[in-house]
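Working notes, beginning with the structure itself.
There are 2 protein chains.
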Amino acid sequence: MTKGEQTRGDIVRKSAPLFNRKGYEGTSLSDLMKATGLQKGGIYRHFSSKEELATEAFDYSWGKAVSGRLDGVAEVVDCVNRLQKMIDNFVELRAGLVSGGCPLMNTAIEADDGNAALRARARKALQSWTVRLSKITSEGIEKQEIDHRTDPLTLSQLIIGSLEGALLISRLQKSDEPLRAIKQHLSEYLENNVRTLPAIAGKQPTYHR
Amino acid sequence: MTKGEQTRGDIVRKSAPLFNRKGYEGTSLSDLMKATGLQKGGIYRHFSSKEELATEAFDYSWGKAVSGRLDGVAEVVDCVNRLQKMIDNFVELRAGLVSGGCPLMNTAIEADDGNAALRARARKALQSWTVRLSKITSEGIEKQEIDHRTDPLTLSQLIIGSLEGALLISRLQKSDEPLRAIKQHLSEYLENNVRTLPAIAGKQPTYHR
């Protein structure tokens with residue numbers, strides 16, 4: 060890695076929490092100068108625009124989020140448990156993330172009526188997360204661990220939407236309660252409505268209350 | 060209403076979509092001047108700061124959202140159906156709102172690490188919505204329409220979080236699908252896990268798939 064590449068990486072890493080907390084519009088040049096310890100020229104020697112820096116900062120923050128959410132997931136054999144593990148990671152592994160909450164939510168909200176490049180990044184991130192969950196679901200259907208009537212895309216969106224919404228409320232209320240409640244809710248839903256019921260002839264499944 | 064009050068109201072109404080779409084930081088003085096047709100002095104004769112204008116704009120946008128979500132709700136007698144009606148309104152009545160998505164979500168995301176006055180407004184809005192749903196649930200428990208093991212606060216947060224999260228995804232994907240899916244999901248949840256089961260002695264409740 061050249062010195063220039065290193066400096067570039069440093070700028071991204073140091074500006075990522077700013078963009079994630081304050082948003083694209085809310086992050087000023089003086090914020091960026093303070094965080095990086097560089098002058099305007101020192102920053103913009105490495106980036107053609109604030110937009111370019113912000114999109115790379117998003118990728119950095121999102122990468123951290125993804126790696127936290129995937130922690131230990133691949134090792135889980137059963138597909139329902141694998142979905143559950145991703146949910147648990149989302150709820151439990153808040154440390155190690157770039158500060159300011161979920162980069163996808165933050166960027167999606169600001170960019171939905173605004174910056175096109177950031178919007179594209181957020182869409183791509185959502186897409187990749189959705190595909191990941193959908194693939195686990197499809198595999199589970201194939202392995203008969205997941206009920207064949209489950210729609211992988213719908214289930215993925217339900218999980219992602221519920222988690223993001225609960226995070227929004229948790230952050231606003233400064234309480235983990237809504238995140239814990241959605242974890243419980245999704246867990247019950249996965250066990251009762253998604254997991255293939257044991258096929259025991261003549262035996263009615265137990266009602267889940 | 061004096062002419063001054065009228066102008067003040069006009070400024071709030073015209074700037075509300077700007078703040079809701081572009082956020083507090085993203086809305087510039089020149090945006091405000093263009094939207095209101097007034098000069099800086101004409102705007103700030105009526106407001107002591109951009110913050111004061113933004114908080115009133117939030118209240119205006121939130122008021123529109125609340126009135127849409129409550130449309131026809133009071134007329135519904137059964138408490139489960141009343142919760143369902145609020146969910147339906149959230150999903151179906153997107154027209155008539157101030158453009159830019161849910162003011163609560165937009166303001167919460169931007170203000171969670173930022174402007175304290177806006178954050179307080181968003182918290183209050185969330186609080187009032189939560190209390191409203193919780194009261195319906197408590198009434199339902201009292202009338203034995205809702206299972207007595209239901210926690211009103213948890214259910215309220217589940218509904219609000221799921222709806223807001225689905226809206227986030229819908230807006231980013233420019234598709235109503237995630238909103239329709241959450242409506243379906245919550246509706247099944249209310250019927251199967253929240254509504255009091257008919258007490259027919261000796262009869263097992265039907266499993267809900």
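From first to last, the protein sequence lines are chains P and D.
Under my numbering, the first residue of the first sequence carries the number 60, and numbering increases by one thereafter.
Under my numbering, the first residue of the second sequence carries the number 60, and numbering increases by one thereafter.
Where is the CB? At the ideal position from N, CA and C, for every residue including glycine.
This one's a predicted model, so the numbers in the text were calculated from it and none came from an experiment.
Residue i Cβ short of 8 Å to the ligand ADP heavy atom set
i     : result
L88/P : Judged by which ligands are present, the structure shown has none, so any question about the ligand ADP falls away.
Start and end residues, alpha helix (DSSP H) containing residue i
i      : result
C138/P : C138 to E151
E110/D : K109 to R128
H105/D : Careful: H105/D lies outside any alpha helix (DSSP H) and carries neither H nor E.
V71/P  : K62 to G85
Q232/D : P211 to Q232
D90/D  : L88 to T95
N165/D : P162 to A170
Q243/P : E236 to Y248
Rounded Cβ spacing between residue i and residue j (contact assumed at less than 8 Å)
i      : j      : result
G159/P : N79/P  : 4 Å
E84/D  : E169/D : 7 Å
L163/D : L185/D : 6 Å
L245/P : C161/P : Incorrect: roughly 16 Å between the Cβ atoms, too far for contact.
I219/D : W188/D : 6 Å
R180/P : D118/P : 7 Å
N165/D : G82/D  : 7 Å
F106/P : L112/P : 4 Å
Residues sharing a beta bridge with residue i, DSSP
i      : result
R254/P : I205/P
At least 3 beta-carbon pairs within less than 8 Å: the stretch 132-147 of chain D vs the stretch 164-175 of chain D: no
With three or more C-beta pairs closer than 8 Å as the rule, is the stretch 149-158 of chain D touching the stretch 117-129 of chain D? yes
Touch check for the stretch 215-226 of chain P and the stretch 183-196 of chain P: three-plus C-beta pairs under 8 Å? yes
Could you check whether the stretch 71-78 of chain P touches the stretch 92-105 of chain P, counting it as contact only if at least three pairs of C-beta atoms, one from each stretch, sit closer than 8 Å? yes
Per the contact definition of three or more C-beta pairs closer than 8 Å, is the stretch 204-211 of chain P in contact with the stretch 246-256 of chain P? yes
Residues, ordered as in the chain, of the stretch 177-203 of chain P that lie near chain D by beta-carbon distance below 9 Å: R178, A181, R182, L185, Q186 and T189
Taking a Cβ distance cut-off of 7 Å, strictly less, list which residues of the stretch 141-171 of chain P are near chain D, in chain order. G159, G160, M164, N165, A167, I168, E169 and D171
Which residues, taken in chain order from the stretch 231-243 of chain D, show a beta carbon closer than 8 Å to some beta carbon of chain P? Listed in sequence order: L231, Q232, E236, P237, A240 and I241.
Which residues of the stretch 218-232 of chain D have a Cβ closer than 9 Å to any Cβ of chain P? Give them in chain order. Against chain P - using a Cβ distance shorter than 9 Å - the residues of the stretch 218-232 of chain D are I219, G220, S221, L222, E223, G224, A225, L226, L227, I228, S229, R230, L231 and Q232.
Check each residue of the stretch 72-91 of chain P: if its Cβ is closer than 7 Å to any Cβ of chain D, include it; give the result in chain order. R80, K81, G82, E84 and G85
Near-chain D residues of the stretch 104-120 of chain P (beta-carbon distance less than 7 Å), N- to C-terminal order: none
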